[in-house]
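Asks: This is the structure I want to talk about, given as structure tokens.
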Amino acid sequence: MPELPEVETMRRGILPLLGGRITAVERLPCPRRPLTIAPRGEKFARLQTGQTIDEIERLGKRIVLRLSNELAVVIEPRMTGLVLLADPPSRDHLRICWRIRGAAAKAMWFWDRRGLGVVRVVDAKQFDRYYGPHKIGPDALAIDAAAFVERLQASRRAIKVALLDQRALAGVGNLYAAEICHLARVHPATRCDRIRADEWTRLHGATLEILADAVRNEGSTLGDGTYRNVLNQHGSYQNSHRVYDRKGEICTSCGQTEIIRIVQTQRATFFCPACQPKSRRLVASVTSTTLPAKNRATQDKSSPKSAGGKKRVASRRSEGV
Ligand SMILES: [Zn+2]
């Protein structure tokens, strides 16, 4: 969190800044963990000040401001970052303020409770190094069926784990991956290389449908209330969640089976065992991670890595989902 729908909501929300000139970039004092900012020091503000915001794009779970000096400001909210035009949830966690002239909005803030966010000002070469196609795959809202299958099917990883790999497909995180598997009626631990053609078709369709629907609903504001749109208002897609964080509730699709929770590569996965039945095609380690909560922490550490487990740890660090 935030994933593609939340970041796309932020992007659309800050479109009133388009064409505006950045008159100042202020780093606000925050006693909490500092953000990762590049370049450090005064150069961060100097590179942006006086420049016009020509384009506002989204790259997976990041916002990209294209400036008139050909530099890009890449804002990565990671766990608790928010981009705001008004009314921050608290003053404590405001980190950066951009002052803008000549646009419909006069300022933009970056707010981050945990401080895991990253904001970088980069030139074209650096952009390619950090965010090129070798790092970030095609956007999950734009990818066609053939590319979707091609990028995922060779993997021996579980489908829900593979959907989180930003190099394969950009934008899907832990919440929406579970929702996609449920709508597609595919068990989240099914090995990618054993998924059938009809299931791929459903997975691709479910990815587009879930993400587009979540964007229409301005994303999901979970129980911790952290995620808000740029005007500090809740999203509403949490009311449509099919399985995420609904352990023990009855599945709304089949109307009779309880949603269960398992752990895959140290992340919680929710699914309906009736709508997403087990088959022989599962990644073997999934059964060993279905444990009562009190044993789960020990199990996660001691269990052998599932297929792709090592890579997953590395990519979690870089994507911060
Ligand atoms: Zn069901």
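Those letters in the sequence shown? Residues 16 to 336, by my numbering.
Cβ coordinates follow ideal geometry from the N, Cα and C atoms, glycine included.
1) For residue 74, which three-state DSSP category applies?
2) Taking DSSP as the reference, what is the three-state secondary structure of residue 313?
3) Could you tell me which whole beta strand (DSSP E) segments of length 3 or greater appear in the stretch 114-163?
4) Residue 224 and residue 198 look like a contact to me (Cβ under 8 Å); what is the Cβ gap, rounded to whole Å?
5) When burial is assigned at 16 or more other CB atoms within 10 Å of the CB, is residue 20 buried or exposed?
6) Is the stretch 126-143 in contact with the stretch 94-102, if contact means three or more CB pairs nearer than 8 Å?
7) Check residue 220 in the structure and name its three-state DSSP category.
8) Does the beta-carbon of residue 175 have 16 or more other beta-carbons within 10 angstroms, so that it is buried, or is it exposed?
9) If distances are taken between C-alpha atoms only, which option among 127, 298 and 291 comes closest to residue 45?
10) When you compare the CB positions of residue 183 and residue 75, do they come within less than 7 Å of one another, or not?
11) Taking the C-alpha atoms as reference points, what is the distance between residue 216 and residue 51?
12) Consider the C-beta atom of residue 289 and the heavy atoms of ligand 1; say whether any pair is separated by less than 6 Å.
13) Using the beta-carbon count (16 or more within 10 Å), is residue 231 buried or exposed?
14) Does ligand 1 have even one heavy atom less than 6 Å from the beta-carbon of residue 266?
15) If you run the structure through DSSP and keep just helix, strand and coil, what is residue 306?
16) Would DSSP call residue 45 helix, strand or coil?
17) Shorter than 6 Å, the distance from the beta carbon of residue 222 to the closest heavy atom of ligand 1, or not?
18) State the Cα-Cα distance for the pair residue 308 and residue 240, rounded to the nearest angstrom.
19) Any chance the CB of residue 196 is under 6 Å from a heavy atom of ligand 1?
20) Report, in whole angstroms, the separation of the C-beta atoms of residue 39 and residue 64, which I expect to be a contact under 8 Å.
21) Ligand 1 heavy atoms versus the CB of residue 272: any closer than 6 Å?
22) Start and end of the beta strand (DSSP E) containing residue 89?
23) Going by alpha carbons, who is nearest to residue 122 out of 70, 33 and 79?
24) Going by Cα to Cα distance, which pick from 109, 59, 205 and 101 is closest to residue 48?
25) What residue range is occupied by the uninterrupted beta strand (DSSP E) comprising residue 246?
26) Excluding the 5 residues flanking residue 291 on each side, which residues of the same chain have their C-beta closer than 8 Å to its C-beta?
27) Skipping 5 residues on each side, what residues in its chain have a beta carbon closer than 8 Å to that of residue 269?
28) In angstroms, rounded to a whole number, what distance separates the CA positions of residue 85 and residue 258?
Replies: Reading off the structure:
1) Residue mapping note: residue 74 aligns to position 59 of the sequence shown, counting from 1. Strand.
2) As a first step, residue 313 must be located in the sequence shown, where it is residue number 298. Residue confidence for residue 313 is low, a pLDDT of 39 falling below 50, so the modelled location carries little weight; the figure read from the coordinates is stated next. Residue state, collapsed to three classes: helix.
3) Taking only runs of at least 3 residues, the beta strand (DSSP E) segments lying wholly in the stretch 114-163 are 122-127 and 133-137.
4) For the purposes of this step, residue 224 is taken as the residue at position 209 of the sequence shown. For the purposes of this step, residue 198 is taken as the residue at position 183 of the sequence shown. Yes, they are in contact, since the Cβ atoms of residue 224 and residue 198 sit about 7 Å apart, within 8 Å.
5) For the purposes of this step, residue 20 is identified with residue 5 of the sequence shown, where counting begins at 1. The Cβ neighbour count for residue 20, taken over all protein chains shown within 10 Å, is at least 16; the residue is labelled buried.
6) The stretch 126-143, when compared against the stretch 94-102, does touch it at the 8 Å Cβ threshold.
7) Here residue 220 is taken as the residue at index 205 of the sequence shown, counted from 1. Residue state for residue 220 is assigned as helix, using DSSP reduced to three classes.
8) Position 160 of the sequence shown, counting from 1, holds the residue named residue 175. It is buried - the Cβ of residue 175 has at least 16 other Cβ atoms within 10 Å.
9) Within the sequence shown, the letter at position 30 stands for residue 45. Per the C-alpha coordinates, the member of 127, 298 and 291 positioned closest to residue 45 is 127.
10) In the sequence shown, counting from the first residue as 1, residue 183 sits at position 168. In the sequence shown, counting from the first residue as 1, residue 75 sits at position 60. With a cutoff of 7 Å on beta-carbon distance, residue 183 and residue 75 are scored as not near each other.
11) Here residue 216 refers to the residue found at position 201 of the sequence shown. Here residue 51 refers to the residue found at position 36 of the sequence shown. Roughly 39 Å separates the two Cα atoms.
12) Working through the sequence shown from its first residue, we reach residue 289 at position 274. Because some heavy atom of ligand 1 lies under 6 Å away, the Cβ of residue 289 counts as near it: yes.
13) What you label residue 231 is simply residue 216 of the sequence shown in a count that begins at 1. By the neighbour-count rule (16 or more Cβ atoms within 10 Å), residue 231 is not buried but exposed.
14) Position 251 of the sequence shown, counted from the first residue, corresponds to residue 266. Yes, Cβ of residue 266 sits closer than 6 Å to a heavy atom of ligand 1.
15) If you number the sequence shown from 1, residue 306 lands on position 291. At residue 306, the pLDDT of 43 sits below 50, so the modelled position is not reliable; the number obtained from the coordinates is stated separately. DSSP places residue 306 in the coil class of the three-state scheme, outside both helix and strand.
16) In the sequence shown, residue 45 corresponds to position 30, counting from 1. Coil.
17) By one-based count along the sequence shown, residue 222 stands at place 207. The answer is no for residue 222.
18) For the purposes of this step, residue 308 is taken as residue 293 along the sequence shown, with counting starting at 1. For the purposes of this step, residue 240 is taken as residue 225 along the sequence shown, with counting starting at 1. Only weak support is given to the placement of residue 308: the predicted model assigns it a pLDDT of 44, under 50, and the value that follows is read from those uncertain coordinates. Rounded to whole angstroms, residue 308 to residue 240 spans 24 Å at the Cα level.
19) What you label residue 196 is simply residue 181 of the sequence shown in a count that begins at 1. At a cut-off of 6 Å, the beta-carbon of residue 196 does not count as near ligand 1: no heavy atom of the ligand is closer than that.
20) As a first step, residue 39 must be located in the sequence shown, where it is residue number 24. As a first step, residue 64 must be located in the sequence shown, where it is residue number 49. Contact between residue 39 and residue 64 holds, with the beta-carbon distance rounding to 6 Å and staying under 8 Å.
21) The sequence position of residue 272 within the sequence shown is 257, counting from 1. Remark: the shortest separation between the CB of residue 272 and any heavy atom of ligand 1 falls under 6 Å.
22) By 1-based counting over the sequence shown, the position of residue 89 is 74. Its beta strand (DSSP E) spans residues 87-91.
23) Counting from 1 along the sequence shown, the entry for residue 122 is found at position 107. Nearest to residue 122 by C-alpha distance, out of 70, 33 and 79, is 33.
24) The residue you call residue 48 lines up with position 33 of the sequence shown. The option with the nearest alpha carbon to residue 48 is 109.
25) Here residue 246 is taken as the residue at index 231 of the sequence shown, counted from 1. For residue 246, no beta strand (DSSP E) run applies, since DSSP gives it neither H nor E.
26) Residue numbering aside, residue 291 sits at position 276 when the sequence shown is read from its first letter. Result list for residue 291: 196, 197, 200, 201, 202 and 203, in chain order.
27) In the sequence shown, residue 269 corresponds to position 254, counting from 1. Same-chain partners within the cutoff: 287, 289 and 290.
28) Here residue 85 refers to the residue found at position 70 when the sequence shown is read from its first residue. Here residue 258 refers to the residue found at position 243 when the sequence shown is read from its first residue. Looking at the two C-alpha atoms, the distance is approximately 43 Å.
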